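First residue of the sequence shown? That's 1113 in the numbering used here, and the numbers climb one at a time after it.
Glycine included, C-beta positions come from ideal geometry on N, C-alpha and C.
Since the structure is predicted, the reported quantities are computational estimates derived from the model, not experimental observations.
Since the structure comes first, as structure tokens, the remarks are kept for the end.
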Amino acid sequence: MKILYTILLFIMVTVLNASPMEGKKKVYLVSSGDELTHIANIVFSKQGDKSSYQIEIEDTPFDDQFLSMRPFQCIMGKKQVMCYVPYPYEAKKTITENELGHLSNDLLFLHKNPSEYGINMWNGIYYKLKQVGQTIEGKVNEIDMNSIASPPDDLNNPFAADEIFEADVGNYVYPKILIK
């Protein structure tokens, strides 16, 4: 019985001490109805107080679209179309518990109405990420992606704080993102 208790205690301590920035995780867009759509996989590697990461976008929820003379991977919703925008420049792929901006830059989206033709770069979506317990969560913010049409001065931090605007979450089909 002591052995079983020791094993259970070890498992509980291991699970409780697991970092959300370590190991394999999944990335989900969270709908306004709290439904999860798996969009990517991430592998985090702990390096002292930082974690490096590799992200791989899933093909499944996306349809290939050619919009405004460019290819996009889009989730074709009835109310809103969400298109993934890979960050176009070489940048760091490291995060800390308090600084998740590089990962936010790798999870950029554009949105449009399904009836609109083409896409407007000022309809950018930036999920400002934060660690919450054993997960990483983000809330939708608005950005103008025209600011990264040419290389920004700082490739690792392309959006100044005054270029990221709080969004009305009621206007978005996927107001949150979740990494767990």
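Using a Cβ-based criterion (distance less than 7 Å to any ligand heavy atom), does residue i qualify as near the ligand ADP?
i, result
"residue 1147", "The ligand content of the structure shown is nil, which means the ligand ADP is not present either."
Considering only residues of the same chain and omitting the five flanking positions on each side of residue i, which have a CB-CB separation below 6 Å?
i, result
"residue 1147", "none"
"residue 1179", "1230 and 1231"
"residue 1249", "1290"
Look up residue i in the DSSP assignment and say whether it is helix, strand or coil.
i, result
"residue 1146", "coil"
"residue 1278", "strand"
"residue 1124", "At residue 1124 the pLDDT is 43, less than 50, meaning the model places this residue with poor confidence; the figure from the coordinates comes in the next sentence. It is helical."
"residue 1269", "coil"
"residue 1129", "Low per-residue confidence applies at residue 1129: pLDDT is 47, beneath 50, and the placement is therefore not dependable, though the value from the model is reported in the following sentence. Correct three-state label for residue 1129: helix."
For residue i, collect the residues of the same chain with a Cβ closer than 7 Å to its Cβ; drop the 5 residues on either side in sequence, then sort them by chain order.
i, result
"residue 1218", "1167 and 1199"
"residue 1164", "1157, 1205 and 1206"
Which residue or residues does DSSP assign as beta-bridge partners of residue i?
i, result
"residue 1156", "1135 and 1165"
"residue 1106", "In the structure as shown, the chain starts at 1113 and stops at 1292, and residue 1106 therefore has no counterpart that could be examined."
"residue 1289", "1141 and 1250"
Does the beta carbon of residue i sit closer than 8 Å to a beta carbon anywhere in chain C?
i, result
"residue 1198", "Although the question refers to chain C, the structure presented lacks it and comprises just one protein chain."
Using the beta-carbon count (16 or more within 10 Å), is residue i buried or exposed?
i, result
"residue 1247", "exposed"
"residue 1201", "exposed"
"residue 1160", "exposed"
"residue 1244", "exposed"
Report all residues from its chain with a CB closer than 8 Å to the CB of residue i; omit the five preceding and five following residues, and keep chain order.
i, result
"residue 1234", "1256, 1257 and 1258"
"residue 1277", "1253, 1254 and 1255"
Check your understanding: Counting only runs that start and end within the region 1168–1244, where is the alpha helix (DSSP H) found for 4 or more residues in a row?
Key -> Runs of the alpha helix (DSSP H) lying entirely within the region 1168–1244 and spanning at least 4 residues, in chain order: 1213–1217.
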